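The next block holds one structure in the form of structure tokens; read it before the comments.
2 protein chains.
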Amino acid sequence: LEHPDTGQLPALIARWHPALIADAVEALPRDMRHTLWDRLDAIDRGQVLIEVGRGVRQQLIDEAAQDELLAALATLEMDELADLDADLPVSVLDAMVRAMDVQRRERYERVKRYPDDTAGGLMDVDAAAVRGDVSLKAVLRYLRQVRKRDGKLPEHMDSLVVVDRQNRYLGMLRLSDLVSHKSTAIVSHLMDAEAPAIQVGTPDTRVARLFEDRDLMSAAVVDDDGHLLGRITIDDVVDVMRAEADGEVMRRAGLGEDTDMFAPVLSNAARRAVWLGVNLINAFVAAWVIGLFEASIDQVVALAVLMPVVASMGGVAGNQTLTLVTRAIALDQIGRGNAMALLFREVASGLLNGAFWAIVVAVVATAWFGNTQLGIVFGCALLINLITGATAGTLVPLLLERLGIDPALAGGVLLTAATDVVGFFSFLGLATLFLL
Amino acid sequence: LEHPDTGQLPALIARWHPALIADAVEALPRDMRHTLWDRLDAIDRGQVLIEVGRGVRQQLIDEAAQDELLAALATLEMDELADLDADLPVSVLDAMVRAMDVQRRERYERVKRYPDDTAGGLMDVDAAAVRGDVSLKAVLRYLRQVRKRDGKLPEHMDSLVVVDRQNRYLGMLRLSDLVSHKSTAIVSHLMDAEAPAIQVGTPDTRVARLFEDRDLMSAAVVDDDGHLLGRITIDDVVDVMRAEADGEVMRRAGLGEDTDMFAPVLSNAARRAVWLGVNLINAFVAAWVIGLFEASIDQVVALAVLMPVVASMGGVAGNQTLTLVTRAIALDQIGRGNAMALLFREVASGLLNGAFWAIVVAVVATAWFGNTQLGIVFGCALLINLITGATAGTLVPLLLERLGIDPALAGGVLLTAATDVVGFFSFLGLATLFLL
Numbered sequence: 319l320e321h322p323d324t325g326q327l328p329a330l331i332a333r334w335h336p337a338l339i340a341d342a343v344e345a346l347p348r349d350m351r352h353t354l355w356d357r358l359d360a361i362d363r364g365q366v367l368i369e370v371g372r373g374v375r376q377q378l379i380d381e382a383a384q385d386e387l388l389a390a391l392a393t394l395e396m397d398e399l400a401d402l403d404a405d406l407p408v409s410v411l412d413a414m415v416r417a418m419d420v421q422r423r424e425r426y427e428r429v430k431r432y433p434d435d436t437a438g439g440l441m442d443v444d445a446a447a448v449r450g451d452v453s454l455k456a457v458l459r460y461l462r463q464v465r466k467r468d469g470k471l472p473e474h475m476d477s478l479v480v481v482d483r484q485n486r487y488l489g490m491l492r493l494s495d496l497v498s499h500k501s502t503a504i505v506s507h508l509m510d511a512e513a514p515a516i517q518v519g520t521p522d523t524r525v526a527r528l529f530e531d532r533d534l535m536s537a538a539v540v541d542d543d544g545h546l547l548g549r550i551t552i553d554d555v556v557d558v559m560r561a562e563a564d565g566e567v568m569r570r571a572g573l574g575e576d577t578d579m580f581a582p583v584l585s586n587a588a589r590r591a592v593w594l595g596v597n598l599i600n601a602f603v604a605a606w607v608i609g610l611f612e613a614s615i616d617q618v619v620a621l622a623v624l625m626p627v628v629a630s631m632g633g634v635a636g637n638q639t640l641t642l643v644t645r646a647i648a649l650d651q652i653g654r655g656n657a658m659a660l661l662f663r664e665v666a667s668g669l670l671n672g673a674f675w676a677i678v679v680a681v682v683a684t685a686w687f688g689n690t691q692l693g694i695v696f697g698c699a700l701l702i703n704l705i706t707g708a709t710a711g712t713l714v715p716l717l718l719e720r721l722g723i724d725p726a727l728a729g730g731v732l733l734t735a736a737t738d739v740v741g742f743f744s745f746l747g748l749a750t751l752f753l754l
Numbered sequence: 319l320e321h322p323d324t325g326q327l328p329a330l331i332a333r334w335h336p337a338l339i340a341d342a343v344e345a346l347p348r349d350m351r352h353t354l355w356d357r358l359d360a361i362d363r364g365q366v367l368i369e370v371g372r373g374v375r376q377q378l379i380d381e382a383a384q385d386e387l388l389a390a391l392a393t394l395e396m397d398e399l400a401d402l403d404a405d406l407p408v409s410v411l412d413a414m415v416r417a418m419d420v421q422r423r424e425r426y427e428r429v430k431r432y433p434d435d436t437a438g439g440l441m442d443v444d445a446a447a448v449r450g451d452v453s454l455k456a457v458l459r460y461l462r463q464v465r466k467r468d469g470k471l472p473e474h475m476d477s478l479v480v481v482d483r484q485n486r487y488l489g490m491l492r493l494s495d496l497v498s499h500k501s502t503a504i505v506s507h508l509m510d511a512e513a514p515a516i517q518v519g520t521p522d523t524r525v526a527r528l529f530e531d532r533d534l535m536s537a538a539v540v541d542d543d544g545h546l547l548g549r550i551t552i553d554d555v556v557d558v559m560r561a562e563a564d565g566e567v568m569r570r571a572g573l574g575e576d577t578d579m580f581a582p583v584l585s586n587a588a589r590r591a592v593w594l595g596v597n598l599i600n601a602f603v604a605a606w607v608i609g610l611f612e613a614s615i616d617q618v619v620a621l622a623v624l625m626p627v628v629a630s631m632g633g634v635a636g637n638q639t640l641t642l643v644t645r646a647i648a649l650d651q652i653g654r655g656n657a658m659a660l661l662f663r664e665v666a667s668g669l670l671n672g673a674f675w676a677i678v679v680a681v682v683a684t685a686w687f688g689n690t691q692l693g694i695v696f697g698c699a700l701l702i703n704l705i706t707g708a709t710a711g712t713l714v715p716l717l718l719e720r721l722g723i724d725p726a727l728a729g730g731v732l733l734t735a736a737t738d739v740v741g742f743f744s745f746l747g748l749a750t751l752f753l754l
């Protein structure tokens, strides 16, 4: 994208793979995106709508003509459609459903029954299922029929779901087993009965973890009674994983999940203002603590020079612990049994680092201001604040998790509040006691 | 893991799926891990070695008997073995290679030729390849032979690689096409010739991006002349994606890629000490800037109370921009063409938020200290520092990227240095000019 101002570019991009086009759309300034959109066909437009972030998608939808949108939407699979229909205007949504044939409408309504962030929202309803008591020959005949009827088989098929007469899940039949065994063999003898089925209400992040841990390519989705509802394939799960990974980094910076690099400046600024406001409250609480010791600072100005060092080091140390613990919580590696052991370890680590760096800063401060007592107080405060960082870094995310609040979103703010307040209070407090 | 101190636990865990066992091993305190290891069979031990983080793996390897290790290693696939052999002691490595049969040794040496973090390191060398000019019937016969010979087909097979007589890549034949077409059809007519092949030297993160963008389940790996070398399946790619996502969060906190929650306290503290040291230099530079204005603070103590607010708000705003730009760089969405447009947008956003919050803090400070001039200086400094945050947040990661340094690792430190120095300097500098 070296020269996006040349008119040739959109024509070139339009020949790329949709995923690359979507990247290009996101990288283009807002006013150039429509030019590119105009050059795409309906299939590419549909895929681009799926691949771009939510902010960019909203812009494309707002600026597209209704018939362009309907043509693009008609090219999408059910689970794709279910991912973006929340962003469509009601008029387009109505027109889209009206244009569907009976079969497509019925499948669309089945997918819509489940929240987007559950296994039900991820699944594809056109799972190719076979009965357990039939022969491989019958399976092959069935697959040829499906191809004849639909013109194609479901995408990304590595296995078939095996069910009983009541459509209850039994296991998975790998295509590689289907093609390499005698055609007289019976499905239920060859299927993998250990392959896990996923409850329709399972959160999507847990589905992702299961796919990752068990190296799955696809899995069946079932209701509470074990009846087959659909199928999840790994390509959908990969998208969840990417969103999850991006999301954590973005939430830590208070940016939210979907960020258009070229969102309108005003809405962009407004979204960030909230986070800045939260942090401003934090900063003023710290300022208030400093204000309590105005008289001490008035007498020893060096305190003002050194105090940000204490606060910032506590924040950095605390953030290391916070990151580690937040990750462990996300991986379900922390429970009541080991939380205490973890806290002790983090505090011990903070104590060691605190002792080491306390000596370093005490020497530096003594040399700088020629005041040994100031150096000792400085070192002690640093020690206290590194231990505070380790403690808060462990307890804050555990507490937030218990309260059902995302540690990645609120953890950093609360941690900084703790290390700032304790940092300033311990340094200025100790100084007031021993230096004045 | 509610009561890891009961002796029953390891026996229970040993019956789980290896991925869950690995999670449990990581969650257990170090001294209990060996007890669990003792209860596992060779297959589970092999899988656990693959699944745990590097620190934990090192502990397990150090504590295991050599024959236990050899038995576990013998159960692993080639690409798995290649992932962990760097962590094995030379004596074990030698014994392992000596114990291999000729075929396994030859395949091991082929995999070892390529770095771990490239397509060559990810690939499986036992790709099932078929010629393009044969019929489906011949393919089915070949697959039955492979099953007879090896007792199984390669894992996670959704497609077969199609090659010509010189073993050059032609395309992929989906198993779903294989099973649903007439057995007289010719492979090259049914194969997907558009399916991308991956050059053996491609970095693993780029492989992950390709799989994600193109919704691939598997892909062929080729040398520079297009000769087939192996096959990458999505389950390996998912591991790369997870490591990449975890890595970014961990590197931002200066924690490195592999962090054992229960690493020995001493080595844990030592690893973090480096990061604290880097940040300490940062903090002392900021302290030095404050020191330049000691005389001013001596006259107006309120400056000391308010100055951390300016620094911290600049840091928070800058971190938002930094996070956004770092992500866009990782997604290849920023080039020379749009970097300038992005910078303008971020600065404009910083200007808007700066103006808004400047007014808020000016009012608060005026009310607090009864000094309008102080309030105005405070607000101006905040405005300057939010713009600094936006500028540094954009330019720092772009510059680091140009220099070949990972923005996730060094970006935060440099950004904080900028916003601290500018924050303290602008506030105390303006105050010295206009208040004294």
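Chains B and E supply the protein sequences, listed in that same order. So for the first sequence, my numbering puts the first residue at 319; every next one is plus one. So for the second sequence, my numbering puts the first residue at 319; every next one is plus one. Here a beta-carbon is modelled for each residue, glycine too, at the ideal position from N, C-alpha and C. Everything numeric in this text was worked out from a predicted model, so none of it was measured.
For the segment 690 to 721 of chain B, list the alpha helix (DSSP H) runs that are entirely contained and at least 4 residues long, ordered along the chain.
Positions of the alpha helix (DSSP H) runs, each at least 4 residues long and wholly inside the segment 690 to 721 of chain B, are given as 690 to 720 in order along the chain.
Which residue or residues does DSSP assign as beta-bridge partners of Thr551 (chain E)?
As a working note, residue 551 (chain E) is residue 233 in the second sequence. Thr551 (chain E) is bridged to E:Ser536.
Interface residues of the segment 645 to 657 of chain B facing chain E [CB-CB below 8 Å]
Residues of the segment 645 to 657 of chain B with a Cβ closer than 8 Å to any Cβ of chain E, in chain order: Arg645, Ala646, Leu649, Asp650, Gln651, Ile652, Gly653, Arg654, Gly655, Asn656.
Residue-chain proximity (Pro347 (chain E), chain B), Cβ-Cβ < 8 Å
Counting from 1 along the second sequence, the entry for residue 347 (chain E) is found at position 29. Residue contact check for Pro347 (chain E) against chain B: a CB pair falls below 8 Å.
Using CA atoms only, rank isn't needed, just tell me which of E:Ala337, E:Val374, E:Ala360 is closest to Glu344 (chain E).
As a working mapping, residue 344 (chain E) is identified with position 26 in the second sequence. The residue with the shortest Cα to Cα distance from Glu344 (chain E) is E:Val374.
Apart from the five residues just before and just after Glu427 (chain B), which ones in its own chain have a Cβ nearer than 7 Å to its Cβ?
The residue you call residue 427 (chain B) lines up with position 109 of the first sequence. Taken in chain order, the list of residues that qualify is empty.
For the putative contact between Leu594 (chain B) and Val634 (chain E), defined by C-beta atoms under 8 Å, what is the C-beta separation to the nearest angstrom?
For the purposes of this step, residue 594 (chain B) is identified with residue 276 of the first sequence, where counting begins at 1. For the purposes of this step, residue 634 (chain E) is identified with residue 316 of the second sequence, where counting begins at 1. Going by Cβ atoms, the distance from Leu594 (chain B) to Val634 (chain E) rounds to 6 Å, so yes, they are a contact pair.
How about Asp533 (chain B) and Asp553 (chain E): are their beta carbons less than 8 Å apart?
Counted from its first residue, the first sequence places residue 533 (chain B) at position 215. Counted from its first residue, the second sequence places residue 553 (chain E) at position 235. Yes, the Cβ-Cβ distance between Asp533 (chain B) and Asp553 (chain E) is below 8 Å.
Under 7 Å from the C-beta of Ser494 (chain E): neighbouring residues of chain B:
Here residue 494 (chain E) refers to the residue found at position 176 when the second sequence is read from its first residue. For the C-beta of Ser494 (chain E), the chain B residues within less than 7 Å are, from N- to C-terminus, Leu471, Met475, Leu493.
Would you say Leu547 (chain E) and Ser501 (chain E) are within 8 Å of each other, going by their C-beta atoms?
Here residue 547 (chain E) corresponds to residue number 229 of the second sequence, with the count starting at 1. Here residue 501 (chain E) corresponds to residue number 183 of the second sequence, with the count starting at 1. Contact flag unset, no.
Measure the Cβ-Cβ separation of Ala699 (chain B) and Leu733 (chain B) and say whether it is below 8 Å.
As a first step, residue 699 (chain B) must be located in the first sequence, where it is residue number 381. As a first step, residue 733 (chain B) must be located in the first sequence, where it is residue number 415. In this structure, the beta-carbon distance from Ala699 (chain B) to Leu733 (chain B) does not fall below 8 Å.
Can you give the beta carbon distance from Val628 (chain E) to Phe745 (chain E), rounded, assuming they're within the 8 Å contact cut?
In the second sequence, the residue the question calls residue 628 (chain E) occupies position 310. In the second sequence, the residue the question calls residue 745 (chain E) occupies position 427. Taking a contact as a CB-CB distance under 8 Å, the pair Val628 (chain E) and Phe745 (chain E) counts as one, their CB atoms being some 5 Å apart.
Residues of its chain near Ala400 (chain E), where Cβ-Cβ distance is below 8 Å and the 5 sequence neighbours each way are ignored
Against the second sequence, residue 400 (chain E) aligns to sequence position 82. Excluding positions up to five away in sequence, the list reads Tyr426, Val429, Lys430, Asp434, Gly439.
May I have the straight-line CA-CA distance separating Thr706 (chain B) from Thr737 (chain B), to the nearest angstrom?
Here residue 706 (chain B) is taken as the residue at index 388 of the first sequence, counted from 1. Here residue 737 (chain B) is taken as the residue at index 419 of the first sequence, counted from 1. Approximately 6 Å, taken between the alpha carbons.
Using a Cβ-Cβ cut-off of less than 8 Å, list which residues of the segment 503 to 523 of chain E approach chain B; keep chain order.
For the segment 503 to 523 of chain E, which is checked against every Cβ of chain B, not one residue is closer than 8 Å.
Where the alpha helix (DSSP H) containing Met396 (chain E) begins and where it ends
Residue mapping note: residue 396 (chain E) aligns to position 78 of the second sequence, counting from 1. 396 to 402 is the span of the alpha helix (DSSP H), which, as asked, contains Met396 (chain E).
Just to check my reading of the structure: Ala620 (chain E) and Phe687 (chain E) have Cβ atoms closer than 8 Å, yes? What is that Cβ distance to the nearest angstrom?
The count along the second sequence starts at 1 and reaches residue 620 (chain E) at position 302. The count along the second sequence starts at 1 and reaches residue 687 (chain E) at position 369. With a Cβ gap of about 5 Å, Ala620 (chain E) and Phe687 (chain E) count as contacting.
Is the beta carbon of Met559 (chain E) sitting closer than 8 Å to the one on Ala526 (chain E)?
What you label residue 559 (chain E) is simply residue 241 of the second sequence in a count that begins at 1. What you label residue 526 (chain E) is simply residue 208 of the second sequence in a count that begins at 1. Yes, the Cβ-Cβ distance between Met559 (chain E) and Ala526 (chain E) is below 8 Å.
Using DSSP bridges, identify the partner residues of Arg589 (chain B).
As a position in the first sequence, residue 589 (chain B) is number 271, starting the count at 1. Paired residues: none, contrary to the question.
Specify the secondary structure class of His352 (chain B) as computed by DSSP and reduced to three states.
As a position in the first sequence, residue 352 (chain B) is number 34, starting the count at 1. Reduced to three states, the DSSP call for His352 (chain B) is helix.
Just to confirm before moving on: does the CB-CB distance between Ile550 (chain B) and Ala622 (chain E) stay below 8 Å?
Working through the first sequence from its first residue, we reach residue 550 (chain B) at position 232. Working through the second sequence from its first residue, we reach residue 622 (chain E) at position 304. No, the pair does not count as a contact, with Cβ atoms beyond the cut-off.
Quick check: is any heavy atom of the ligand ZN less than 7 Å from the C-beta of Gln651 (chain E)?
Ligands displayed in this structure: none; no statement on the ligand ZN is therefore possible.
Whether Ala801 (chain E) touches Leu367 (chain E) by CB criterion (8 Å)
Residue 801 (chain E) cannot be examined here, being either before or after the span of chain E that is shown, 319 to 754.
Please report whether the beta-carbon of Ile608 (chain B) lies at a distance below 8 Å from any beta-carbon of chain E.
Here residue 608 (chain B) corresponds to residue number 290 of the first sequence, with the count starting at 1. For Ile608 (chain B), at least one C-beta of chain E is nearer than 8 Å to its own C-beta.
With a cut-off of 8 Å, does the C-beta of Gly632 (chain B) fall near any C-beta of chain E?
To locate residue 632 (chain B), count along the first sequence from 1; it is residue 314. No, Gly632 (chain B) lies away from the interface with chain E (no Cβ there is under 8 Å from its Cβ).
Note down the Cα distance separating Val479 (chain E) from Asp442 (chain E), rounded to an integer number of angstroms.
On the second sequence, residue 479 (chain E) is found 161 positions in, with the first residue counted as 1. On the second sequence, residue 442 (chain E) is found 124 positions in, with the first residue counted as 1. Looking at the two C-alpha atoms, the distance is approximately 13 Å.
If you check the beta carbons only, do Val739 (chain B) and Gly729 (chain B) fall under 8 Å apart?
Position 421 of the first sequence, counting from 1, holds the residue named residue 739 (chain B). Position 411 of the first sequence, counting from 1, holds the residue named residue 729 (chain B). Result no, Cβ atoms of Val739 (chain B) and Gly729 (chain B) do not sit closer than 8 Å.
Hey, quick one: how far does the alpha helix (DSSP H) through Ala447 (chain E) stretch, first residue to last?
Residue mapping note: residue 447 (chain E) aligns to position 129 of the second sequence, counting from 1. For Ala447 (chain E), there is no enclosing alpha helix (DSSP H); the enclosing beta strand (DSSP E) covers residues 447 to 449.
Given that Arg465 (chain E) touches chain B, what residues does it touch there, using C-beta distances under 8 Å?
Here residue 465 (chain E) corresponds to residue number 147 of the second sequence, with the count starting at 1. Correct list: Ser498, His499.
C-beta neighbour in chain E for Asn597 (chain B), strict 8 Å
Start at 1 with the first residue of the first sequence, and residue 597 (chain B) comes out as number 279. Yes, contact with chain E.
Curious, which full-length alpha helix (DSSP H) runs of at least 4 residues does the segment 412 to 440 of chain E contain?
Under the rule that a run must span 4 or more residues, the alpha helix (DSSP H) segments found entirely inside the segment 412 to 440 of chain E read 420 to 430, 437 to 440.
Out of E:Phe742, E:Pro582, E:Pro472, E:Pro626, state which residue places its alpha-carbon closest to the alpha-carbon of Ala601 (chain B).
Residue 601 (chain B) sits at position 283 when you count from the first residue of the first sequence. Shortest Cα-Cα distance from Ala601 (chain B) to any of E:Phe742, E:Pro582, E:Pro472, E:Pro626 involves E:Pro626.
Name the chain E residues whose beta carbon is nearer than 8 Å to that of Asp356 (chain B)?
Counting from one through the first sequence, the residue named residue 356 (chain B) turns up at place 38. Per Cβ cutoff of 8 Å: no residues; Asp356 (chain B) is ~20 Å from chain E at best.
Quick one: which chain E residues come within Cβ less than 7 Å of Leu624 (chain B)?
Working through the first sequence from its first residue, we reach residue 624 (chain B) at position 306. Listed along chain E are Ala605, each with a C-beta nearer than 7 Å to that of Leu624 (chain B).
Please go through the same chain and pick out, in chain order, the residues whose beta-carbon is closer than 7 Å to the beta-carbon of Gln651 (chain E), but skip the five residues on each side of it.
Here residue 651 (chain E) corresponds to residue number 333 of the second sequence, with the count starting at 1. Excluding sequence neighbours, Gln651 (chain E) sits near nothing in its chain.
Do we get a CB-CB distance below 8 Å when we pair Ile552 (chain E) with the residues of chain B?
In the second sequence, counting from the first residue as 1, residue 552 (chain E) sits at position 234. Among the residues facing chain B, Ile552 (chain E) is included, as its CB has a counterpart in that chain under 8 Å away.
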